[in-house]
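Peer 1: Those protein sequence lines, which keep their order, are chains A and B.
Counting in this note's numbering, the first sequence runs from 14 upward without gaps.
Counting in this note's numbering, the second sequence runs from 14 upward without gaps.
There are 2 protein chains.
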Amino acid sequence: MDFFKIHHEDNGTGARAGILNAGHGQIETPVYMPVGTKATVKAVKNEDLYDIGCNIILGNLYHLYLQPGIKIIEAAGGLHNYMNWKNNILTDSGGFQVFSLSEKRKVMEDGVEFKSVLDGSVHFFAPGNVVEMQAKMGSDIIMVLDECSPFNLDYGHTRDAALRTLRWAEESTRARKRLNSSRSKIFGIVQGGFVKDLRKFSAQEISGMDFDGIAIGGLSVGEERPRTIEMLKYTLQYTDPKKPLYFMGIGDPEGIIEAIDAGIDMFDCVMPTRISRTGSAFTADGRINLKNKRFNYDFRPIDEACKCYTCRNYSRSYLKHLVKSREILAGMLLTIHNLSFIFNLVNMARNAIISKNFRGFRNDFLERYRNREK
Amino acid sequence: MDFFKIHHEDNGTGARAGILNAGHGQIETPVYMPVGTKATVKAVKNEDLYDIGCNIILGNLYHLYLQPGIKIIEAAGGLHNYMNWKNNILTDSGGFQVFSLSEKRKVMEDGVEFKSVLDGSVHFFAPGNVVEMQAKMGSDIIMVLDECSPFNLDYGHTRDAALRTLRWAEESTRARKRLNSSRSKIFGIVQGGFVKDLRKFSAQEISGMDFDGIAIGGLSVGEERPRTIEMLKYTLQYTDPKKPLYFMGIGDPEGIIEAIDAGIDMFDCVMPTRISRTGSAFTADGRINLKNKRFNYDFRPIDEACKCYTCRNYSRSYLKHLVKSREILAGMLLTIHNLSFIFNLVNMARNAIISKNFRGFRNDFLERYRNREK
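#1: For a contact defined as C-beta to C-beta under 8 Å, what are the partners of GLN80/A on chain B?
#2: Taking the alpha helix (DSSP H) that ASN364/A falls in, what are its first and last residues?
#3: Beta-carbon separation of GLY66/B and PHE356/B under 7 Å?
#4: What does GLY344/B reach in chain A if we use C-beta pairs closer than 7 Å?
#5: Counting only runs of 3+ residues fully inside the stretch 264-325 of chain A, write out the beta strand (DSSP E) ranges in chain order.
#6: Can you list, in chain order, the residues of its chain whose CB lies under 8 Å from that of GLN147/A, leaving out five sequence neighbours each side?
#7: Please confirm if ILE32/A has its CB atom under 7 Å from at least one CB of chain B.
#8: Identify the contact partners of ALA88/B in chain A, using a Cβ-Cβ distance below 7 Å as the criterion.
#9: Looking at the C-beta of ASN97/B, does it have a partner C-beta in chain A at a distance below 7 Å?
#10: In chain order, what residues of the same chain have a beta carbon less than 6 Å from the beta carbon of ALA272/B, not counting five sequence neighbours either side?
#11: With three or more C-beta pairs closer than 8 Å as the rule, is the stretch 313-320 of chain B touching the stretch 287-301 of chain B?
#12: On the three-pair Cβ rule with 8 Å, is the stretch 206-220 of chain A touching the stretch 157-177 of chain A?
#13: Closer than 8 Å by beta-carbon distance: list the chain A residues that pair up with SER328/B, in chain order.
#14: Given a cut-off of 7 Å, decide if PHE137/A and VAL111/A are closer than it, judged by their beta-carbon atoms.
#15: With contact counted as at least three CB pairs below 8 Å, one residue from each stretch, are the stretch 251-259 of chain B and the stretch 215-229 of chain B in contact?
#16: Just by C-beta distance, which residues in the stretch 44-56 of chain B are closer than 7 Å to chain A?
#17: Please list, in chain order, all residues of the same chain as ILE83/B whose beta carbon is under 8 Å from its beta carbon, the five residues on each side excluded.
#18: With distances taken between CB atoms, is the gap from ARG381/A to ASP274/A smaller than 7 Å?
#19: With DSSP run on the structure shown, which of helix, strand or coil describes ARG372/B?
#20: Using a Cβ-Cβ distance cut-off of 7 Å, determine whether ILE85/B contacts chain A.
#21: Please state if the CB of VAL120/A and the CB of SER185/A are separated by a distance shorter than 7 Å.
#22: Using 8 Å for Cβ pairs, my map puts GLY344/A next to ALA139/A. What's the rounded Cβ distance?
#23: Let's test the definition: count the other Cβ atoms within 10 Å of the Cβ of ASP61/A and tell me whether it reaches 16, buried, or not, exposed.
#24: Can you check which of these residues, ILE242/A, ALA182/A, ASN68/A, is closest to GLY108/A by C-alpha distance?
#25: Just to confirm, is the Cβ distance from THR348/B to THR286/B under 7 Å?
#26: Since I believe ASN309/A is in contact with SER330/A (beta carbons under 8 Å), could you give me their beta-carbon distance rounded to a whole number of angstroms?
#27: Given this structure, state the Cα-to-Cα distance separating SER353/A from TRP98/A, to the nearest angstrom.
#28: Could you compute how far the alpha carbon of ALA188/B sits from the alpha carbon of VAL54/A?
#29: What is the residue span of the beta strand (DSSP E) that ASN34/A lies within?
#30: How long is the line joining the alpha carbons of ASN360/B and VAL283/B, rounded to whole angstroms?
#31: Closer than 8 Å by C-beta to LEU92/B: which residues in its own chain qualify, once you throw out the five before and the five after it? Chain order, please.
#32: Could you list which residues in chain A have their beta carbon closer than 7 Å to that of LYS256/B, in chain order?
#33: By Cβ distance below 6 Å, which residues in the same chain neighbour GLY235/B in space, the five residues on each side in sequence not counted?
#34: Considering just the uninterrupted stretch of the alpha helix (DSSP H) at GLU60/B, what are its terminal residues?
#35: Name the DSSP bridge partner or partners of ALA228/A?
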């Protein structure tokens with residue numbers, strides 16, 4: 014059985030619909046993957062995720078390595094057992110966190126030394142042991158260690174980082190072969206900052222290596238959205254289209270639609286869960302913040318068309334009260350809604366691709382979403 | 014149909030088992046009532062409460078009056094609709110909060126003026142409007158406005174507060190008659206601090222008034238537990254035993270068993286939900302705090318005999334990690350466990366009363382619970 018099979022391709026856009034045959038069950042693509050950094054998608058139970066049709070979540074090696082530690086997860090029988098999650102888990106390598114969270118780090122040819130955000134202790138990640146640790150956790154999809162360049166890094170350092178990421182990628186494929194197991198799939202990551210030549214070279218090189226999928230990293234890191242999409246589309250021209258393509262770090266409704274349009278199959282972002290904990294909610298008419306006084310007597314659900322648990326049971330007025338009172342239930346209910354909204358959006362996009370109407374769907378959705386509720 | 018019916022009384026202790034026929038369905042007593050101060054029992058969904066057999070929760074007039082305000086709750090069709098809770102709600106009058114939370118308050122003969130904890134604005138609660146506001150929220154059980162004396166208050170002030178509480182109680186029964194509705198039941202509150210004569214007089218006076226139930230207030234406010242139980246038992250000698258008897262503010266396993274032993278039918282306390290948010294959990298072998306390192310490799314459930322969602326699905330090791338990582342899921346899962354533990358305890362106590370074995374059950378439970386896990 015192929016790991017990835019594309020069964021519909023849109024005319025006129027890059028959008029495509031497919032199936033990933035991953036270690037813990039099939040995943041329809043395009044797919045949004047909720048972020049469960051520390052072995053929990055924040056503020057929801059696994060059942061809440063099953064209810065909205067979630068077949069894959071993310072875990073993060075950097076955070077799990079520091080707390081509780083890989084040994085404990087291994088002793089628990091792997092990350093699935095540990096957190097009692099029955100579907101797929103993609104684990105991020107922690108490359109992004111090493112470079113964004115740790116103040117002090119020392120990049121060397123064979124890996125990166127960094128200080129823990131928790132206690133300042135010193136650690137070393139190498140491409141090979143990063144693959145091994147993810148395999149020990151029982152990850153269904155392993156990500157290679159990469160060096161994510163900051164948005165405004167100069168050319169020389171961006172090139173150095175991109176080339177090092179390629180050498181680490183090669184080393185990662187060797188480490189994966191040593192594992193001698195086919196259950197865990199492994200994805201390479203294209204870097205190269207905002208330099209077209211580096212993006213092109215990286216995409217071609219990663220496409221030539223023995224990976225099960227290809228991720229586009231280093232985008233959506235602070236730049237304006239049009240630039241993100243331009244660089245994404247440019248990069249995808251040189252990326253093997255037969256493999257599943259994963260945009261790391263995009264998850265807002267507009268970004269998701271643009272990424273699918275460009276040909277992306279998988280994406281993740283903390284944004285939908287993070288905004289849930291500060292009172293924000295997606296609606297078909299744009300994003301709203303429930304702290305607003307105008308919701309005091311608004312007894313409608315967040316989104317009239319939404320069929321999620323939160324919209325079936327609670328009013329904007331009640332949610333406004335919970336947000337205002339800083340009740341934990343606010344974050345719980347908004348997370349359920351916002352994830353449901355994203356899953357529903359991606360489902361509709363997938364159906365539109367299958368019924369050859371993606372462009373129309375895309376335009377209708379974006380027009381209404383951008384014409385925010387007064 | 015009688016509001017309250019006692020169907021079993023223990024020999025040798027004051028324990029009894031009964032049924033409350035409240036506005037939103039029958040409640041078996043003894044009953045622990047989880048506290049949903051601000052229209053949510055913190056960190057759980059209503060379904061979590063239904064799952065553990067919860068038929069009644071508390072709301073608090075003081076907090077709900079300040080945020081979102083009674084008008085919004087009334088416009089929502091009452092508190093049940095507002096928070097989508099299908100079972101019973103007992104609302105506390107806010108007397109306790111006026112006297113414990115508000116720094117500045119002015120007690121007058123006809124009520125109490127206080128400053129909001131939220132914004133310092135000035136408000137006035139009178140016995141009559143406190144009853145009316147609870148009725149407007151659709152409360153199944155209304156509590157009268159009372160003046161809760163601090164633990165170490167002198168005799169004169171304790172007496173003044175107790176006598177004022179009695180006059181307010183009388184006024185509350187008149188306000189309730191004016192409501193001209195039988196759906197909302199109303200409970201009087203016995204005060205009197207730690208002065209036996211005042212407790213006796215208050216209990217007798219409240220017992221003589223037209224109340225559907227009687228609460229014992231002003232205990233478990235900082236004193237040693239033996240003193241609480243002594244004063245409770247003394248007070249109950251002078252309290253009408255045909256009415257449901259409610260101990261305000263007790264909810265730890267030992268306290269619950271002692272209160273049931275003394276003849277209490279209903280009790281509430283934030284303690285089981287509050288400790289859930291700081292990593293503590295009840296077990297048959299005493300309370301544990303999951304922050305402890307000894308749980309790192311402990312893959313057993315919190316309590317081997319517990320059948321709750323948390324114990325069926327998660328290990329101490331994982332919960333330790335969630336607590337340590339300050340994940341919201343920690344509070345969610347521990348709240349489910351701790352409430353389940355309390356509900357199971359009260360259920361076992363009830364069955365022991367019915368099968369005429371309460372004293373044996375009580376002694377066995379307390380011996381094991383106090384002989385804490387090493």
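Glycine residues also receive a C-beta, built at the ideal position from the N, C-alpha and C atoms.
Peer 2: Let me spell this out:
#1: HIS334, LYS337, SER338
#2: ASN364/A -> alpha helix (DSSP H) spans 341-367.
#3: yes
#4: ILE341
#5: 279-281, 293-296, 299-302
#6: LEU74, THR104, SER106, ILE155, MET156, SER197
#7: no
#8: TYR310
#9: yes
#10: Within the same chain, ALA272/B has close Cβ partners PHE260, ILE263, PHE280.
#11: Verdict: yes, contact present.
#12: yes
#13: ALA89, TYR95
#14: no
#15: yes
#16: LYS51, ALA52, THR53, LYS55, ALA56
#17: Apart from sequence neighbours up to five positions away, the residues of its chain that approach ILE83/B with a beta-carbon distance below 8 Å are LEU77, MET146, LYS149, MET150, ordered along the chain.
#18: no
#19: Look at ARG372/B here: in three-state DSSP terms it is helix.
#20: yes
#21: Remark: C-beta atoms of SER185/A and VAL120/A do not approach each other more closely than 7 Å.
#22: 37 Å between Cβ atoms; not a contact.
#23: buried
#24: ALA182/A
#25: yes
#26: Contact holds; Cβ gap of about 6 Å.
#27: 18 Å
#28: When rounded, the distance between both Cα atoms is 49 Å.
#29: 29-35
#30: 19 Å
#31: Cβ neighbours of LEU92/B beyond the five flanking positions: ALA52, GLY72, LEU77, ILE86, TRP98, ILE102, THR104, MET150, GLY151, SER152.
#32: Residues of chain A with a Cβ closer than 7 Å to the Cβ of LYS256/B do not exist, since the nearest Cβ in that chain sits about 34 Å away.
#33: PHE164
#34: Note, GLU60/B: alpha helix (DSSP H), 59-64.
#35: ILE202/A, TYR259/A
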